[in-house]
Amino acid sequence: MKINTKESKDKKDDIIFYFEDDYSKIIFTPPFRRLQDKAQVFPLEVNDFVRTRLTHSLEVSSIAKLIGLRVKDFIKSQDNNELSYESIPTILASAGLMHDLGNTPFGHAGERAIQNTF
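The following block contains the structure:
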């Protein structure tokens with residue numbers, strides 16, 4: 031579903047739109063939404079508040095986007111090419127959202143337990 035049906039004259043704008051569209055689609059997928067029901071467990075956490083994997087994924091996505099903004103600016107400063115670097119922050123933000131999808135219960139410890147069992 032496109033919000034703007036008007037054809038773009040700039041291919042860079044089209045590419046940026048598709049990555050933004052992917053980011054939005056991830057947020058509305060059932061696997062991503064199910065992260066709100068999973069606790070993010072840190073065995074040595076000093077804070078007393080409980081976080082979910084959804085909150086954790088949003089935090090990681092935010093940090094990834096900030097890193098992407100810095101990377102984009104650095105690449106642009108090094109190269110005057112016509113390529114678009116505008117989508118780098120969105121790509122990294124999307125990766126941050128998805129980084130916990132499909133993880134086993136109990137994180138890496140659960141993954142090792144399953145590997146040892148099978």
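Count along the sequence shown from 1, then add 30; that gives the number in my numbering.
Virtual Cβ for every residue (Gly too), placed ideally from N, Cα, C.
1) Quick one: is residue 61 buried, meaning 16 or more other Cβ sit within 10 Å of its Cβ, or exposed?
2) Pull the bridge partners of residue 81 from the DSSP assignment, please.
3) Three Cβ pairs or more, each shorter than 8 Å: is that satisfied between the region 97-112 and the region 129-143?
4) Measuring CA to CA, which of 109, 88, 69 is closest to residue 79?
5) Taking only three categories from DSSP, how would you classify residue 31?
Considering the structure as presented:
1) The residue labelled residue 61 in the question sits at position 31 within the sequence shown. So residue 61 counts as exposed.
2) In the sequence shown, residue 81 corresponds to position 51, counting from 1. DSSP, once it has assigned bridges, lists 70 as partnering residue 81.
3) no
4) By one-based count along the sequence shown, residue 79 stands at place 49. Nearest option by C-alpha distance: 69.
5) On the sequence shown, position 1 is the one that residue 31 refers to. Residue placement at residue 31 is flagged as unreliable, the pLDDT there being 39, under the threshold of 50; a coordinate-derived value is accordingly withheld.
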